[in-house]
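Quick notes on the structure that follows.
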Amino acid sequence: MFDERQRVRVEEIDWANLLPLTRLFGAFRMAIHPPKLVVGLLLVASLWLGGRTLSGLGATGVYSGEFDRYTALDREAFAQWLDAQPDATRDRLGRLLGRLPGVEAATRDAFKTTGDPHRFVLAGINESFEAKRQRLIELVTKDGNSLAEADHERLADFDRQRREMVRAVEELRPAGVFDALIEIEAAALDRLIMAASGLRFGFDQLLSRAGPDRATVSGAVYELMVTIPGWLWRAHCGFAVLFGAWALAVWSLLGGTLARMAALHATRDRRITPLAAGRFVAARWGWFVLTPLLPCVIAGLVGLAMALGGMVFFNMSVTSPIGGALLFLALFGGAIIAFLLLLQAAGMHLYFPALAVEGTDTFDAISRAFGYVVGRPWRWLLYNAAALVYGAITLMFVELVVFLTLWSTHRFVGVWAVRDAGQGGETLFETVFPGPQYGVPGPEGAWDQLNMFSSAGAALVGLWVCLVSALVTSFAVSFYFSANTWVYLLLRRAADGAEFDDVFEDEDDDELPIAATTTEHAPAKTEQGKQEPAANGDTPTP
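Number 37 in this note's numbering belongs to position 31 of the sequence shown; there are no gaps in the numbering.
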């Protein structure tokens, strides 16, 4: 019997058009583009320099355990704990000073009035242990004897005790606000990456009274977006305002540059120079600055109007009935604030891609971001979850590459570097370049006993190690803008039907001297030997 069925041979599946979500996998190749990494590194360095400078201007630092106290205590209890820390720290330093032998009453009285108790105690520790060393040496050598092995052990024990007491004093010294902020945010980001790679989203804990678990994606995001800014505003308001303004200015300029580079890379496969993207952003820098601020400003104005209404109607009993009758207006204002804050949290990562892709203004960018979140909420959630998981995996891969780079460099350069540096038996190379640890930034060596030339070499080694280590953060920034650009394009196509290559082009846009053209975008030959263009927007494999 004749079989009329025909067999179909599938040579290739166009996953980019069949499953648009797979276009997100092109974000890795976009993110490792060297010019984007350079811009990301410049952004990170600018934030670091600004943060360290502003942190040094503050009179108060961050006390040990301060952030944990903020998360565990209520507002009033935390304020009381914070107010008690200066006196409590001085009392602990006084007890450390009292442990030193031979401390006179005059010294204790001077400690009570000193303006820098940490430096005072450190000076007392060094003087006390130096006096103990000299007394021991004089006692042993007064009859012409030389120091025995037991005497050297006692001197080494003095040094150990001195280091322990110095460490105890340094632990009581308030840390710089920026240094503490970086440490807290780094810990939260590590938890976010681990949770995302393990698919621990924690959506079931969003409405929990105890709050989401910090080891889940929801908990880490909540800590980064709510808890940490709240702590800064409550305990270090001045630094929060100044650094927030600096970060917004830098993020708008350099982050906008990355967004523009990612926009043309994703839509037209064009690698424009950072200078060209920077010119595009500089001409619209005001929109990049205003767009993240405008929803917060509107929410603040609505809240101010509500506060004025409460002051007018609820400070006198005779006007309270009027206030009660008009409370529905306050409830309406509260609903506006709630929706603005929720949409701001959900759509803020779409602002810069909208400005970079459309070449538009603040109001259009906000309306697009909010409209896509509200109009396509499940796609928004799916695309962001996929980008987060993919980003966590690729970031761990980049971190592994950086670690192996440092490890192999340390291992092979130090094979025949055997000169003793006098640092407890360590070689000079081990002192200036300690062995790297996975997940830990460039380690610091014990450089205090090196001579001038060795110290200069150690500083240069530290500079190169820090630059290589900073590539991890630079990649994270570059991936953030690359992935969010694809999220914006996917949401725009789903909501508006716009094609991926529909992007605003500026007359100043120029490509790199060597614009790499991937094989995925090369024209394909038909069976007749003719060429036909590849499907627009084909996504390279990750």
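No residue lacks a Cβ here, since even glycine has one placed at the ideal position from N, Cα and C. All values reported here derive from a predicted model rather than from experimental measurement.
Sequence-distant residues of the same chain with beta carbon closer than 8 angstroms to residue 393, five excluded per side: 30, 33, 489, 490, 492 and 493
Contact set for residue 265: own chain, Cβ-Cβ below 6 angstroms, skip 5 residues either direction: 358, 359, 362 and 487
Simplified DSSP assignment, three categories, for residue 279: coil
Residue 188, enclosing alpha helix (DSSP H) - first and last residue: 183-203
Same chain only: Cβ atoms within 8 angstroms of residue 396, ignoring 5 sequence neighbours per side: 30, 31, 33, 34, 489 and 548
The region 404-419 contacting the region 40-48, beta-carbon criterion three pairs below 8 angstroms: no
For residue 439, the nearest candidate out of 353, 118 and 413 (CA to CA): 413
Every unbroken alpha helix (DSSP H) inside the region 208-265 [4 residues or more]: 223-228, 234-241 and 243-256
Distance, residue 176 Cα to residue 96 Cα: 13 angstroms
In chain order, each alpha helix (DSSP H) run of at least 4 residues that lies wholly inside the region 316-357: 326-331 and 333-353
Distance between beta carbons of residue 146 and residue 157, contact taken as under 8 angstroms: 5 angstroms
Whole-angstrom distance between residue 142 and residue 3, CA atom to CA atom: No information on residue 3 is available, as it lies outside the stretch 7 to 548 that the chain covers here.
In chain order, each alpha helix (DSSP H) run of at least 4 residues that lies wholly inside the region 57-130: 72-78, 81-104 and 111-119
Assigned exposure category for residue 520 - 16 Cβ within 10 Å defines buried: Unreliable positioning characterises residue 520 in this predicted model, as indicated by a pLDDT of 44, which lies under 50. A coordinate reading is not provided.
Beta-carbon separation (whole angstroms), residue 354 vs residue 442, contact threshold 8 angstroms: Actually they are not in contact, since the Cβ atoms of residue 354 and residue 442 sit about 35 angstroms apart, beyond 8 angstroms.
Cβ neighbours of residue 295 in the same chain (closer than 8 angstroms, five flanking residues each side left out): 254, 255 and 258
CB of residue 135 within 8 angstroms of CB of residue 168, strictly: yes
Of the residues 433, 381 and 364, the one placed nearest residue 501, counting alpha carbons only: 381
First through last residue of the alpha helix (DSSP H) which encompasses residue 152: It is not in any alpha helix (DSSP H) - residue 152 carries neither H nor E in the DSSP assignment.
Which of helix, strand or coil DSSP assigns to residue 366: coil
Local Cβ density within 10 Å of residue 85, reported as buried at 16 or more and exposed below that: exposed
Local conformation of residue 271 per DSSP, three classes: helix
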